[in-house]
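Chemist:
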Amino acid sequence: MTAAIPPEGSVRIAVRVPSELDVVEEAVDLVARHCLACGLAPDAVRFNLRVALSEALANAIVYGNGSDPQKRVDVRVVVDDEVVEVQVDDEGEGFDPSSVPDPTLPARVDLPSGRGLFLIRQLVDKVSFNDRGNSICMTLRRA
Amino acid sequence: MTAAIPPEGSVRIAVRVPSELDVVEEAVDLVARHCLACGLAPDAVRFNLRVALSEALANAIVYGNGSDPQKRVDVRVVVDDEVVEVQVDDEGEGFDPSSVPDPTLPARVDLPSGRGLFLIRQLVDKVSFNDRGNSICMTLRRA
Amino acid sequence: MTFSVRSDPNDPKGVVAISVDGQLVVSNRNQLKEKVLEALDAGKSKFLIDFTQTGYIDSSGLGVLVSVSKKIREAGGELRLAGLNEDLRMLFELTKLDTLFNISDSPDEALNAF
Amino acid sequence: MTFSVRSDPNDPKGVVAISVDGQLVVSNRNQLKEKVLEALDAGKSKFLIDFTQTGYIDSSGLGVLVSVSKKIREAGGELRLAGLNEDLRMLFELTKLDTLFNISDSPDEALNAF
Ligand SMILES: Nc1ncnc2c1ncn2[C@@H]1O[C@H](COP(=O)(O)OP(=O)(O)O)[C@@H](O)[C@H]1O
Ligand SMILES: Nc1ncnc2c1ncn2[C@@H]1O[C@H](COP(=O)(O)OP(=O)(O)O)[C@@H](O)[C@H]1O
Numbered sequence: 007m008t009a010a011i012p013p014e015g016s017v018r019i020a021v022r023v024p025s026e027l028d029v030v031e032e033a034v035d036l037v038a039r040h041c042l043a044c045g046l047a048p049d050a051v052r053f054n055l056r057v058a059l060s061e062a063l064a065n066a067i068v069y070g071n072g073s074d075p076q077k078r079v080d081v082r083v084v085v086d087d088e089v090v091e092v093q094v095d096d097e098g099e100g101f102d103p104s105s106v107p108d109p110t111l112p113a114r115v116d117l118p119s120g121r122g123l124f125l126i127r128q129l130v131d132k133v134s135f136n137d138r139g140n141s142i143c144m145t146l147r148r149a
Numbered sequence: 007m008t009a010a011i012p013p014e015g016s017v018r019i020a021v022r023v024p025s026e027l028d029v030v031e032e033a034v035d036l037v038a039r040h041c042l043a044c045g046l047a048p049d050a051v052r053f054n055l056r057v058a059l060s061e062a063l064a065n066a067i068v069y070g071n072g073s074d075p076q077k078r079v080d081v082r083v084v085v086d087d088e089v090v091e092v093q094v095d096d097e098g099e100g101f102d103p104s105s106v107p108d109p110t111l112p113a114r115v116d117l118p119s120g121r122g123l124f125l126i127r128q129l130v131d132k133v134s135f136n137d138r139g140n141s142i143c144m145t146l147r148r149a
Numbered sequence: 528m529t530f531s532v533r534s535d536p537n538d539p540k541g542v543v544a545i546s547v548d549g550q551l552v553v554s555n556r557n558q559l560k561e562k563v564l565e566a567l568d569a570g571k572s573k574f575l576i577d578f579t580q581t582g583y584i585d586s587s588g589l590g591v592l593v594s595v596s597k598k599i600r601e602a603g604g605e606l607r608l609a610g611l612n613e614d615l616r617m618l619f620e621l622t623k624l625d626t627l628f629n630i631s632d633s634p635d636e637a638l639n640a641f
Numbered sequence: 528m529t530f531s532v533r534s535d536p537n538d539p540k541g542v543v544a545i546s547v548d549g550q551l552v553v554s555n556r557n558q559l560k561e562k563v564l565e566a567l568d569a570g571k572s573k574f575l576i577d578f579t580q581t582g583y584i585d586s587s588g589l590g591v592l593v594s595v596s597k598k599i600r601e602a603g604g605e606l607r608l609a610g611l612n613e614d615l616r617m618l619f620e621l622t623k624l625d626t627l628f629n630i631s632d633s634p635d636e637a638l639n640a641f
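Chains as they are written, first to last, in the numbering used here: chain F, 7 to 149; chain D, 7 to 149; chain U, 528 to 641; chain L, 528 to 641.
So this is what it looks like as structure tokens:
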């Protein structure tokens, strides 16, 4: 997903977001509108993609960039005939996603946090991270 | 317009188009939808941008790429608060845009062709080319 | 306004009904918490959160529901959720939070259940 | 269908009215040319091109209008354009093609002018 131009027939969208939680909803709306412009089914865009992207943005802003207004979050979307790939990069140290515990365990289910990554994994078809852990790529199959 | 990520608050869209005239209308529609998703006024998007982009795409496909299906046309759009920049790149040899005669001259006004670049210049706020002449950048001011 | 709070003075049960209009997410979840805490301070104990007008909820929205539910329970009160569409209900099921909350189909059903 | 051709058998003037639905652009302009050439071959000579349902026209669309206008003139016929909205009219003005064509506001006005 790093080439400036995607393969033929696909569309690439890039948005740079400041590290402020207040902009999450607006950024999610913007990306959702672009996905609709690409012809994605409104249902999938309306819910799964919005929630997953909200989670990824909030994590990038809070944990990745420590809400530092100098730091940026980059969102890159590639839509082709088969999938939507949404990549969210922050400027943080990264983390080890495999160390995040399952929030549905009986001992955790009544905790007020810890459900973000879990929800992302449930709502999209594929999740991957770069080695450092400061870039998450979420893939949704179309149709 | 070459950085992969645009400045904060702006949106970048990239589409690769095959060298076929039949896809021009669809590509124009797609870009127009993304411009609307960025919040551009429907009126400006509906007409000036569509016509200018149609011209640039048709020129890139026919003159730039010689309608060679192996060659590609790349469209890159950056929308920020003030302007929309639409860049169309082909794989051709380029040309010298200053050598294109004015199609409104009495001797040329009844010719069936030669109005493409002229229309682009009239319909957008700024037009620039790279040195080689295989990349045109059209800027429209918002509002 | 994302949250509208209604409390019918003629309702003998004194239920505080909070409707979430739009998203319940990281940027506004604290407003919801404040509304509940204010009402608890004012002596209210029965709460209905109505999601009929809600688009989506993120994990911090779910988190605030967990924490207000705990506050209400600690104050001896009762919380009911209602009006979740299929997608929202899925979030509660995926996270097993459906086991933690009293979820009614409609706000009316929830009001009758208090 | 981008072009619909109507020719009223009871019209003593025998006008061929072609309506451009959508865009008149590089990918479909030849269809328009063919419709006109067919009608010329069939002995028709009066043409109305109606842009009431047209979105935009590109330079090759303008070009095909220039060339069919020439063909019609050579065959001793007459071409009128009608139904151009403000944007489309601007294209004709910018390119000075408004000096080359008979442009009426409405299709009816054009029909009466033949
Ligand atoms: N972009 C990120 N950079 C650094 N750490 C992260 C990032 N995203 C998630 N994490 C870590 O993973 C943990 C779990 O995140 P998540 O499942 O979203 O739940 P929550 O945000 O409620 O803690 C976070 O507490 C944080 O330590
Ligand atoms: N991308 C391009 N690559 C090479 N030549 C071009 C390109 N765009 C335009 N031209 C040249 O400029 C000329 C004028 O183009 P234009 O004004 O669009 O009118 P038309 O397409 O009707 O000829 C073309 O005939 C062509 O020679």
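We treat Cβ as the ideally placed atom computed from N, Cα and C, and that holds for glycine.
Given the structure is predicted, the values throughout are model-derived calculations rather than measurements.
Taking only three categories from DSSP, how would you classify Gly-120 (chain D)?
Modeler: Translated into positions along the second sequence, residue 120 (chain D) becomes position 114. In this structure, Gly-120 (chain D) counts as coil in the three-state DSSP scheme.
Chemist: Three-state secondary structure (DSSP) at Arg-56 (chain D)?
Modeler: Counting from 1 along the second sequence, the entry for residue 56 (chain D) is found at position 50. It is helical.
Chemist: For the segment 42–57 of chain D, which residues have a CB atom closer than 7 Å to at least one CB atom of chain L, in sequence order?
Modeler: Correct list: Phe-53, Arg-56 and Val-57.
Chemist: Please list, in chain order, the chain L residues whose beta carbon lies closer than 7 Å to that of Gly-122 (chain D).
Modeler: The residue labelled residue 122 (chain D) in the question sits at position 116 within the second sequence. Within chain L, the residues near Gly-122 (chain D) are Ser-586.
Chemist: Any idea if Gln-93 (chain D) is buried or exposed, counting beta-carbon neighbours within 10 angstroms, 16 or more meaning buried?
Modeler: Taking the second sequence and counting its residues from 1, the one referred to as residue 93 (chain D) is at position 87. Classification for Gln-93 (chain D): buried.
Chemist: Ligand 2 heavy atoms versus the CB of Tyr-583 (chain L): any closer than 7 Å?
Modeler: For the purposes of this step, residue 583 (chain L) is taken as residue 56 along the fourth sequence, with counting starting at 1. For ligand 2, not one heavy atom lies less than 7 Å from the Cβ of Tyr-583 (chain L).
Chemist: How many Å lie between Glu-561 (chain L) and Gln-550 (chain L) at the Cα?
Modeler: Locating residue 561 (chain L) in the fourth sequence gives position 34, where the first residue counts as 1. Locating residue 550 (chain L) in the fourth sequence gives position 23, where the first residue counts as 1. Rounded to the nearest angstrom, the two C-alpha atoms are 16 Å apart.
Chemist: Does the Cβ-Cβ distance between Val-81 (chain D) and Cys-44 (chain D) come in under 8 Å?
Modeler: Taking the first residue of the second sequence as 1, we reach residue 81 (chain D) at position 75. Taking the first residue of the second sequence as 1, we reach residue 44 (chain D) at position 38. Contact: no.
Chemist: Within 8 Å, do at least three Cβ pairs link the segment 20–29 of chain F to the segment 44–58 of chain F?
Modeler: No, they do not touch.
Chemist: Scan the segment 134–149 of chain D for residues whose Cβ lies nearer than 7 Å to a Cβ of chain F and list them as they occur along the chain.
Modeler: The residues in question: there are none.
Chemist: In the structure shown, what three-state DSSP assignment does Leu-608 (chain L) receive?
Modeler: Counted from its first residue, the fourth sequence places residue 608 (chain L) at position 81. The answer is strand: DSSP assigns Leu-608 (chain L) an E or B state.
Chemist: Taking 8 Å as the CB-CB limit, is Gly-590 (chain U) close to chain F?
Modeler: Counted from its first residue, the third sequence places residue 590 (chain U) at position 63. Judged by the 8 Å Cβ criterion, Gly-590 (chain U) is in contact with chain F.
Chemist: Please list, in chain order, all residues of the same chain as Ala-20 (chain F) whose beta carbon is under 8 Å from its beta carbon, the five residues on each side excluded.
Modeler: Against the first sequence, residue 20 (chain F) aligns to sequence position 14. Only Asp-80, Val-81, Arg-82 and Val-83 meet the Cβ criterion.
Chemist: Beta-carbon of Ala-10 (chain F) versus every beta-carbon of chain D: anything under 8 Å?
Modeler: Counting from one through the first sequence, the residue named residue 10 (chain F) turns up at place 4. Reliability fails at Ala-10 (chain F), whose pLDDT of 49 lies under 50, so the model's placement of it is uncertain and no value is given.
Chemist: For Ser-141 (chain D), list the residues DSSP reports as bridge partners.
Modeler: Numbered from 1 along the second sequence, position 135 holds the residue referred to as residue 141 (chain D). Beta-bridge pairing links Ser-141 (chain D) to D:Asp-95.
Chemist: Going by the CB atoms, is the gap between Leu-559 (chain U) and Phe-530 (chain U) shorter than 8 Å?
Modeler: For this step, residue 530 (chain U) is matched to residue 3 along the third sequence. For this step, residue 559 (chain U) is matched to residue 32 along the third sequence. Yes, the pair counts as a contact, with Cβ atoms nearer than the cut-off.
Chemist: Just to confirm, is the Cβ distance from Val-543 (chain L) to Ser-534 (chain L) under 8 Å?
Modeler: Counting from 1 along the fourth sequence, the entry for residue 543 (chain L) is found at position 16. Counting from 1 along the fourth sequence, the entry for residue 534 (chain L) is found at position 7. The answer is yes: Cβ separation under 8 Å.
Chemist: Measure from the C-beta of Ser-594 (chain L) to each C-beta in chain D and report whether the shortest distance is under 8 Å.
Modeler: Walking along the fourth sequence from the start, residue 594 (chain L) turns up at place 67. Cβ-Cβ to chain D under 8 Å: yes for Ser-594 (chain L).
Chemist: Relative to the alpha-carbon of Asn-65 (chain D), which residue among D:Lys-132, D:Thr-110, D:Arg-147 and D:Val-106 has its alpha-carbon at the smallest distance?
Modeler: Locating residue 65 (chain D) in the second sequence gives position 59, where the first residue counts as 1. Ranking the options by Cα distance to Asn-65 (chain D), first place goes to D:Val-106.
Chemist: Lys-496 (chain U): buried (16+ other C-beta within 10 angstroms of its C-beta) or exposed?
Modeler: Limits of chain U in this structure are 528 at one end and 641 at the other, which puts residue 496 (chain U) out of reach.
Chemist: For ligand 1, any of its heavy atoms closer than 7 Å to the Cβ of Glu-61 (chain F)?
Modeler: Within the first sequence, numbered from 1, the residue matching residue 61 (chain F) stands at position 55. True, at least one ligand heavy atom lies under 7 Å from that Cβ.
Chemist: Rounded to a whole number of angstroms, what is the C-alpha to C-alpha distance between Arg-138 (chain F) and Asp-102 (chain F)?
Modeler: The count along the first sequence starts at 1 and reaches residue 138 (chain F) at position 132. The count along the first sequence starts at 1 and reaches residue 102 (chain F) at position 96. Each residue's alpha carbon lies about 8 Å from the other.
Chemist: Mind pulling the alpha helix (DSSP H) runs of 4 or more residues that sit fully within the segment 545–587 of chain U?
Modeler: Those alpha helix (DSSP H) runs which fall completely within the segment 545–587 of chain U and span 4+ residues are 556–568.
Chemist: With which residues is Val-115 (chain F) paired in a DSSP beta bridge?
Modeler: Translated into positions along the first sequence, residue 115 (chain F) becomes position 109. None, per the DSSP bridge assignment.
Chemist: Return the chain-ordered list of same chain residues with a C-beta closer than 7 Å to the C-beta of Thr-8 (chain D), the five sequence neighbours on each side being excluded.
Modeler: As a first step, residue 8 (chain D) is located in the second sequence; it is residue number 2 there, counting from the start. Residue confidence is low: Thr-8 (chain D) scores 34 on pLDDT, short of 50, so the model does not pin down where it sits. No coordinate-derived value is stated.
Chemist: Within 8 Å (strictly less), CB to CB, does Lys-132 (chain F) reach chain D?
Modeler: For the purposes of this step, residue 132 (chain F) is identified with residue 126 of the first sequence, where counting begins at 1. By this cut-off, Lys-132 (chain F) is not an interface position.
Chemist: Going along chain D, which residues have a C-beta under 7 Å from Lys-623 (chain L)?
Modeler: Along the fourth sequence, read from residue 1 onward, the residue named residue 623 (chain L) stands at position 96. Residues of chain D passing the Cβ test: Thr-110 and Val-115.
Chemist: When the Cβ atoms of the segment 621–635 of chain U are set against those of the segment 113–124 of chain F, are three or more pairs found closer than 8 Å?
Modeler: Judged by Cβ distances under 8 Å, the segment 621–635 of chain U makes contact with the segment 113–124 of chain F, as three or more pairs qualify.
Chemist: Please state whether DSSP places Phe-628 (chain L) in a helix, a strand or coil.
Modeler: Here residue 628 (chain L) refers to the residue found at position 101 when the fourth sequence is read from its first residue. Of the three classes helix, strand and coil, the one that applies to Phe-628 (chain L) here is coil, per DSSP.
Chemist: For Ser-31 (chain D), which residues in chain L fall below 8 Å Cβ to Cβ?
Modeler: Stepping through the second sequence from its first residue, residue 31 (chain D) is reached at position 25. Here residue 31 (chain D) is Glu; the residue named in the question, Ser, does not match the sequence. Those are Gln-550, Val-552 and Ser-554, listed as they occur along chain L.
Chemist: Apart from the five residues just before and just after Ala-10 (chain F), which ones in its own chain have a Cβ nearer than 6 Å to its Cβ?
Modeler: As a working mapping, residue 10 (chain F) is identified with position 4 in the first sequence. Residue confidence for Ala-10 (chain F) is low, a pLDDT of 49 falling below 50, so the modelled location carries little weight; the figure read from the coordinates is stated next. Answer for Ala-10 (chain F): no residue qualifies.
Chemist: Excluding sequence positions up to five away, which residues of its chain have a Cβ less than 8 Å from the Cβ of Leu-479 (chain U)?
Modeler: This structure gives no information on residue 479 (chain U), because the portion of chain U shown stretches from 528 to 641.
Chemist: Does the Cβ-Cβ distance between Ala-33 (chain D) and Leu-55 (chain D) come in under 8 Å?
Modeler: As a working note, residue 33 (chain D) is residue 27 in the second sequence. As a working note, residue 55 (chain D) is residue 49 in the second sequence. Contact flag unset, no.
Chemist: Just to confirm my understanding: we take Ser-587 (chain U), look at its own chain, exclude 5 residues before and 5 after, and list those with CB closer than 7 Å. What are they?
Modeler: The residue you call residue 587 (chain U) lines up with position 60 of the third sequence. Cβ within range, chain order: Val-552, Val-553 and Arg-556.
Chemist: Where DSSP assigns a beta bridge to Pro-24 (chain F), which residues make up the other side?
Modeler: Within the first sequence, numbered from 1, the residue matching residue 24 (chain F) stands at position 18. F:Arg-78, per the DSSP bridge assignment.
Chemist: For Arg-78 (chain F) versus Ser-25 (chain F), is the C-beta spacing smaller than 8 Å?
Modeler: The sequence position of residue 78 (chain F) within the first sequence is 72, counting from 1. The sequence position of residue 25 (chain F) within the first sequence is 19, counting from 1. Yes, these two residues count as a Cβ contact at 8 Å.
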